[in-house]
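Undergrad: First the structure, then my questions, so here it is.
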Amino acid sequence: MDTVFDYEDIQLIPAKSIVKSRSECDTSVEFGGHKFKLPVVPANMQTIIDEKIAIFLAENGYFYIMHRFQPETRLDFVKDMQARGLIASISVGVKEGEYEFVQQLADENLTPEFITIDIAHGHSNAVIDMIKHIKKLIPGSFVIAGNVGTPEAVRELEHAGADATKVGIGPGKVCITKIKTGFGTGGWQLAALRWCAKAASKPIIADGGIRTHGDIAKSVRFGASMVMIGSLFAGHEESPGETFEKDGKCFKEYFGSASEFQKGERKNVEGKKMYVEHKGKLIDTLIEMEQDLQSSISYAGGNKLKDIRTVDYVVVKNSIFNGDKIY
Ligand SMILES: NC(=O)C1=CN([C@@H]2O[C@H](COP(=O)(O)OP(=O)(O)OC[C@H]3O[C@@H](n4cnc5c(N)ncnc54)[C@H](OP(=O)(O)O)[C@@H]3O)[C@@H](O)[C@H]2O)C=CC1
Ligand SMILES: Nc1nc2c(ncn2[C@@H]2O[C@H](COP(=O)(O)O)[C@@H](O)[C@H]2O)c(=O)[nH]1
């Protein structure tokens, strides 16, 4: 591991533009055999995505991953999405009941297009066993496994059969893993992504720590095929979190999947809750993300997402915000 840095420490260096308009730049990405409008996926968390949002995203060409916190609804969810002709993309854990759920999918001949194994410490035999279980029973599903933060973990999960790995332990906005345990990639997530991407032979999802739209381009530059985002997707009109009003302003709750609010108990808590100012419609954020990424591609001197992959960059420790606030 050489120098470490995070998103705010990096600036990408512009190259001569080859387009007349940013609208010529194509932000689409191929992932798991499907084409999506953006290399971005809202976090599979209960205050970020629900069934309505999943349908909206799938119908409009965006990737989504449904969370796993209403386990009893997942079978019908898969059936419903596929009956609509939409991609079914679900999450699973690693406890005993999850093995039975995968068996149930197989028994009913259901093959969700994507299954994400959503565990805090993904570099474990528990995840390796679940990858093997899914691949044995539902070989047609594209399996995303995580979360991890080292090249060894990426290699082991890929070797076990994962089709993609998710990188990010502790960089999330409502994450307290780094404080509670002393471990993780919080504060150096972008460098960890680069470290992992160098070892990967399959796609990587960068997960957590995205604070600005420019961070999406930086993730792509450092090896991400897809970028998972929580806080920037919280607080929308459609967001599932509860609305809260203070001093005439509207806020929505955003809480961690390992918070007491998700777990319903204070045991092994590694997440917290915050209130995010109301942001308007989800589609407006997605459109702005697309426009900003088109602009990034033009600054990269190209017209496709992959043109960002090869741009030069500089490390400007703690200086790029220069006191500016983003939003
Ligand atoms: N990306 C991140 O940085 C983090 C994300 N999260 C999110 O929180 C949610 C809950 O995660 P998680 O607690 O894994 O899920 P679960 O509560 O479903 O736990 C999964 C299993 O793994 C065990 N487990 C949990 N943490 C560890 C660990 N550090 N080492 C060994 N075994 C462990 C649990 O047992 P037991 O509970 O008895 O230990 C349980 O058997 C997920 O959605 C996850 O993505 C949570 C923390 C960090
Ligand atoms: N350590 C924890 N990480 C969590 C928890 N719940 C979710 N997450 C991770 O955060 C990202 C979203 O990060 P953001 O910076 O975009 O807001 C999410 O995808 C998970 O990987 C938690 O309780 N503890």
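Letter 229 of the sequence shown, counting from 1, is numbered 229 in full-length UniProt numbering, and no numbers are missing.
From the three backbone atoms N, C-alpha and C, an ideal C-beta is built for every residue, glycine too.
Here's the rule: buried if 16 or more other CB atoms are within 10 angstroms of the residue's CB, otherwise exposed. What is N44?
TA: Label assigned to N44: buried.
Undergrad: In chain order, what residues of the same chain have a beta carbon less than 6 Å from the beta carbon of P203, not counting five sequence neighbours either side?
TA: Excluding positions up to five away in sequence, the list reads A164 and S225.
Undergrad: Do I115 and S141 have their CB atoms nearer than 7 Å?
TA: Yes, these two residues count as a Cβ contact at 7 Å.
Undergrad: N125 by DSSP, collapsed to three states: which one?
TA: It is helical.
Undergrad: Mind checking whether the beta-carbon of T177 lies closer than 6 Å to any heavy atom of ligand 1?
TA: Yes, ligand 1 has a heavy atom inside 6 Å of this Cβ.
Undergrad: Judging by CA-CA distance, which residue of A258, Y275 and E277 is the nearest neighbour of N268?
TA: N268 has its Cα closest to that of A258, out of A258, Y275 and E277.
Undergrad: Taking Cβ to Cβ, would you say A145 is nearer than 7 Å to I117?
TA: Against a cut-off of 7 Å, the Cβ pair of I117 and A145 comes out as a contact.
Undergrad: What is the C-beta distance between R22 and S298, in whole angstroms, given that I count them as a contact (C-beta under 8 Å)?
TA: With 8 Å as the limit, R22 and S298 qualify as a contact, their Cβ atoms being about 5 Å apart.
Undergrad: Could you tell me if the beta carbon of M274 falls within a distance shorter than 6 Å of some heavy atom in ligand 2?
TA: No, since every heavy atom of ligand 2 falls outside the 6 Å radius drawn around the Cβ of M274.
Undergrad: Hey, would you say the C-beta of G230 is under 6 Å away from at least one heavy atom of ligand 2?
TA: Flag set: Cβ of G230 near ligand 2.
Undergrad: DSSP beta-bridge partners for C25?
TA: DSSP output for C25 lists no bridge partner at all.
Undergrad: Going by C-alpha to C-alpha distance, which of A106, I55, L105 and G184 sits closest to P171?
TA: Of A106, I55, L105 and G184, the residue nearest in Cα terms is G184.
Undergrad: Quick one: using the 10 Å Cβ neighbour count with 16 as the cut-off for buried, is K136 buried or exposed?
TA: Exposed, since its Cβ has fewer than 16 Cβ neighbours within 10 Å.
Undergrad: Please specify which runs of the alpha helix (DSSP H), each continuous and at least 4 residues long, are wholly inside the region 202-227, giving them in chain order.
TA: Within the region 202-227, the complete alpha helix (DSSP H) runs of at least 4 residues are 214-221.
Undergrad: Would the beta-carbon of I210 be found less than 6 Å away from any heavy atom of ligand 2?
TA: Correct: I210 has its Cβ closer than 6 Å to ligand 2.
Undergrad: Just to confirm the assignment, what range does the beta strand (DSSP E) spanning M45 have?
TA: Element bounds for M45: n/a, residue is neither H nor E.
Undergrad: Check whether the Cβ atoms of G241 and E253 sit closer than 7 Å, and answer yes or no.
TA: Taking 7 Å as the Cβ cut-off, G241 and E253 qualify as a contacting pair.
Undergrad: Closer than 8 Å is the cut-off here; do at least three beta carbon pairs connect the region 80-91 with the region 45-64?
TA: Cβ pair count under 8 Å is three or more, so yes.
Undergrad: From A217 to G230, what does the alpha carbon distance come to, in whole angstroms?
TA: One C-alpha to the other measures close to 17 Å.
Undergrad: With respect to the alpha helix (DSSP H) encompassing G146, which residues constitute its N-terminal and C-terminal limits?
TA: Premise fails: G146 lies in the beta strand (DSSP E), F142 to V148, not in any alpha helix (DSSP H).
Undergrad: Look at the alpha carbon of G301 and the alpha carbon of G280, and state the distance between them as a whole number of angstroms.
TA: Looking at the two C-alpha atoms, the distance is approximately 32 Å.
Undergrad: Using only the alpha-carbon positions, how far apart do residue 330 and M289 sit?
TA: Outside the shown range of the chain, which is 1 to 327, sits residue 330, and nothing can be said about it.
Undergrad: Going along the chain, which residues of its own chain have a beta-carbon closer than 6 Å to the beta-carbon of A153, five neighbours each way excluded?
TA: Cβ within range, chain order: H123.
Undergrad: My assumption, with CB atoms under 8 Å, is that Y313 sits in contact with I13. Please give the rounded CB distance.
TA: The Cβ separation is near 6 Å, so the contact holds.
Undergrad: Do the CB positions of T27 and Q189 come within less than 7 Å of each other?
TA: No, Cβ-Cβ distance for T27 and Q189 is not below 7 Å.
Undergrad: E288 lies in the alpha helix (DSSP H); which residues open and close that run?
TA: Note, E288: alpha helix (DSSP H), L282 to Y299.
Undergrad: Where S91 and E113 are concerned, what is the direct C-alpha to C-alpha distance, given to the nearest angstrom?
TA: Distance between the alpha carbons of S91 and E113 is about 11 Å.
Undergrad: Can you look up A258 in the DSSP assignment and give me helix, strand or coil?
TA: A258 falls in the coil class under three-state DSSP.
Undergrad: May I have the straight-line CA-CA distance separating E237 from D207, to the nearest angstrom?
TA: Distance between the alpha carbons of E237 and D207: 23 Å.
Undergrad: Taking only the alpha-carbon atoms, compute the straight-line gap between L110 and L38 and give it to the nearest angstrom.
TA: Going by the C-alpha atoms only, they are around 27 Å apart.
Undergrad: For K178 versus G186, is the C-beta distance shorter than 7 Å?
TA: Yes, they are a contact pair.
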